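A short worksheet on the structure shown next.
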Amino acid sequence: MTIYFSKTEQTFFDDEVNSTIPADAKVISAAAHAALFAGVAAGKGIDFSGAKPALIDLPPPTVEQLRETAFAQRDKGLSIAALRIAPLQDAVDLGNASDDVRAKLTKWKQYRVDLNDIDQHEGFPQIIDWPQPPE
Numbered sequence: 233m234t235i236y237f238s239k240t241e242q243t244f245f246d247d248e249v250n251s252t253i254p255a256d257a258k259v260i261s262a263a264a265h266a267a268l269f270a271g272v273a274a275g276k277g278i279d280f281s282g283a284k285p286a287l288i289d290l291p292p293p294t295v296e297q298l299r300e301t302a303f304a305q306r307d308k309g310l311s312i313a314a315l316r317i318a319p320l321q322d323a324v325d326l327g328n329a330s331d332d333v334r335a336k337l338t339k340w341k342q343y344r345v346d347l348n349d350i351d352q353h354e355g356f357p358q359i360i361d362w363p364q365p366p367e
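Take a look at the structure:
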């Protein structure tokens, strides 16, 4: 197995996996390749602009990226809350909910409201005090 890097494609190629290797591709050792990916796993980026690929610090996320990430996490939580709330609400609607079920329903609804309002908090999206889901 031989691993290559391509400046123009800004990626790596393995001759056992890739049937086409770009003309500008150069061989990189397995150890160097592994070190680069260990760096990526640790939060670094790879710069292909030099003679060899090198690890670089990634820029911090923009405010818009932080917003998008926060809203995606919020929406995932809202989906989970909806799944938990539905059967509890059904029990209440059908008149056969215990006090425990009613209490759980109230907690899940409050969690959903708190989660939906994360963007109203001071410091959003750089600072988020995530509500904890009920147990």
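First residue of the sequence shown: 233, per the working numbering; consecutive thereafter. All C-beta atoms, glycine included, are put in the ideal place defined by N, C-alpha and C. Predicted model only: the values in this text are computed from it and were never measured.
- V345 and A270 have their C-alpha atoms some 40 Å from each other.
- Annotation: the continuous alpha helix (DSSP H) that includes S311 extends over V295 to D325.
- The residue among T240, D246, P285 and K239 with its C-alpha nearest the C-alpha of M233 is D246.
- For K258, the beta-bridge partners assigned by DSSP are F237.
- Of the residues T240, L310 and R306, the one whose Cα lies closest to the Cα of I360 is R306.
- In the three-state DSSP reduction, G282 falls in the coil class, being neither helix nor strand.
- From the listed residues V249, A267 and F244, the smallest Cα separation to A257 is found for F244.
- G309 counts as buried, since at least 16 other C-beta atoms from the protein chains shown sit within 10 angstroms of its C-beta.
- Looking at the DSSP output, D289 sits in a beta bridge with K276.
- Here the region 332-347 does not lie against the region 282-300, with fewer than 3 beta-carbon pairs under 8 Å apart.
- Sequence-distant partners of F303 (beyond 5 residues in either direction) whose C-beta falls short of 8 Å from its own C-beta, in its chain, are D351.
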